[in-house]
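Residues in the sequence shown are numbered from 97 upward in steps of one, following this note's numbering.
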Amino acid sequence: MTPEASFALALGLSMPRGATLTEVDAAAALQHRTDRKYLVTLDLARRLVGQLADSHRILDLDGRRTTTYHSTYFDTPQLGAWHAHVQGRRRRWKVRTRLYAEDGLCRVEVKTKDGRGATVKHALGAPAAEYGTLSQQAAEFLDRVLAGSSIPVRAADLVATTEIRYLRAALADLDHGTRITLDGVLTCHHGDRSAALDPDFVLVETKGGARPAPADRMLLALGVRPVSISKYLVGQALLTPGLPDNDIRRLARTCFHTGPHLTSGLLLEGTHAA
Numbered sequence: 097m098t099p100e101a102s103f104a105l106a107l108g109l110s111m112p113r114g115a116t117l118t119e120v121d122a123a124a125a126l127q128h129r130t131d132r133k134y135l136v137t138l139d140l141a142r143r144l145v146g147q148l149a150d151s152h153r154i155l156d157l158d159g160r161r162t163t164t165y166h167s168t169y170f171d172t173p174q175l176g177a178w179h180a181h182v183q184g185r186r187r188r189w190k191v192r193t194r195l196y197a198e199d200g201l202c203r204v205e206v207k208t209k210d211g212r213g214a215t216v217k218h219a220l221g222a223p224a225a226e227y228g229t230l231s232q233q234a235a236e237f238l239d240r241v242l243a244g245s246s247i248p249v250r251a252a253d254l255v256a257t258t259e260i261r262y263l264r265a266a267l268a269d270l271d272h273g274t275r276i277t278l279d280g281v282l283t284c285h286h287g288d289r290s291a292a293l294d295p296d297f298v299l300v301e302t303k304g305g306a307r308p309a310p311a312d313r314m315l316l317a318l319g320v321r322p323v324s325i326s327k328y329l330v331g332q333a334l335l336t337p338g339l340p341d342n343d344i345r346r347l348a349r350t351c352f353h354t355g356p357h358l359t360s361g362l363l364l365e366g367t368h369a370a
């Protein structure tokens, strides 16, 4: 069984009704949003999907209910973005190129925090061949966005750092405009080192307004609390020698494994279907 099929089976992704990308984007493409993140067991994530099945639709791309994401993050050589997030600075930012592997689509993305703490995402389409690089067009886009957010960083200051790869399933409440994503089979890569999320865990993110969404209330009822975690922060913290110990690294050590050249195939050894 492929990693995609194993992940879909383990989470019960056949339970919700499907929705097209157009439907999901029309109802829930929030550029200005509040994100809440949860690290949950695979079994609990399956229970959540079951509870959401009546009110939420799952993104279905011609029968495919997961997408493989590759994200390469860019930072200053001194890891300015990483340190800003770890230190909780008000004006935080992330820059990445993202490849949707099955569809051959690529985007350059900038995520910033506004004065109220909400996430604002800006995106620019790019050729798939430019994934992992910053073209002149991408650099001009980044410079405009960062300057507009009063962030004193330019594209010329940035270098490629950690790459994150994972499978994602996305559910949306088409009536209320909130989304939930479930990420698993997740690996982080930096130089010759890798880290992998334990196969019995899933990273759940809710994306909506300032008030908790129904999925947040369901997770609370299941005994789960939000965590302050970022794929980039985890990958960089685990794989870059010399970074100071911090809460993110300590949290990551509870459910991530590190080693040379870990792959998604190794991740699936412990995956099971409930």
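Glycine is no exception: its CB is placed at the ideal position from the N, C-alpha and C atoms.
Proximity of residue i and residue j at Cβ, strictly below 9 angstroms
i	j	result
ARG161	GLY200	no
TYR169	ALA256	yes
VAL320	LEU140	yes
ALA266	LEU155	yes
GLY159	THR193	no
ARG289	LEU278	no
LYS327	ASP131	no
VAL206	PHE237	yes
LEU315	GLU119	no
GLU259	GLY305	no
ALA268	ARG153	yes
8 angstroms CB neighbourhood of residue i in its chain, flanking five on each side removed
i	result
ILE325	LYS133, LEU135, LEU299, ILE344, LEU347, ALA348
PRO112	VAL145, LEU148, ALA149, HIS152, ARG153, ILE154, LEU267
LEU254	PHE170, ASP171, THR172, VAL191, LEU230, LEU238
ARG142	ALA106, LEU107, GLY108, ALA370
Burial state of residue i (16 or more Cβ within 10 Å)
i	result
SER53	Since the first residue shown for the chain is 97 and the last is 370, residue 53 is missing from the structure and cannot be characterised.
GLU100	buried
HIS243	As written in the sequence, residue 243 is Ala, which differs from the His given in the question. So ALA243 counts as exposed.
ALA333	buried
THR98	exposed
ALA234	buried
LEU117	exposed
Same chain, Cβ closer than 7 angstroms to residue i, five either side skipped, listed in chain order
i	result
TYR196	THR163, TYR165
THR336	HIS286
Cβ shell of residue i (< 6 angstroms), same chain only, five flanking positions each side left out
i	result
ALA180	ARG188
ARG261	HIS166, THR283
ASP239	ARG250, ALA251
LYS209	ARG188
ASN342	VAL182
HIS375	Look at the range of the chain in this structure, 97 to 370, and you will see that residue 375 is not part of it.
ILE276	LEU267, THR302, ALA311
VAL241	VAL206, HIS218
GLY280	PHE103, LEU263, VAL298
LEU309	The question names Leu, but residue 309 is Ala in the sequence shown. Result list for ALA309: THR274, THR302, in chain order.
Contact between the region 101 to 115 and the region 299 to 307 (3+ Cβ pairs under 8 angstroms) = no
Is there contact here, the region 212 to 232 with the region 188 to 202, by at least three beta-carbon pairs under 8 angstroms?
-> yes
For the region 278 to 293 and the region 147 to 159, state whether three or more C-beta atom pairs, one from each stretch, are separated by less than 8 angstroms.
-> no
Does the pairing of the region 270 to 287 with the region 172 to 180 give three or more beta-carbon distances under 8 angstroms?
-> No, because fewer than three Cβ pairs between the region 270 to 287 and the region 172 to 180 fall closer than 8 angstroms, the two stretches do not touch.
Along the chain, which unbroken stretches of the alpha helix (DSSP H) at least 4 residues long are found entirely within the region 206 to 257?
-> 232 to 244
Which runs of the alpha helix (DSSP H), 4 residues or longer, sit entirely within the region 98 to 167?
-> 99 to 107, 117 to 124, 138 to 148
Every unbroken beta strand (DSSP E) within the region 260 to 342, with a cutoff of 3 residues, ordered by chain = 274 to 286, 289 to 293, 297 to 304
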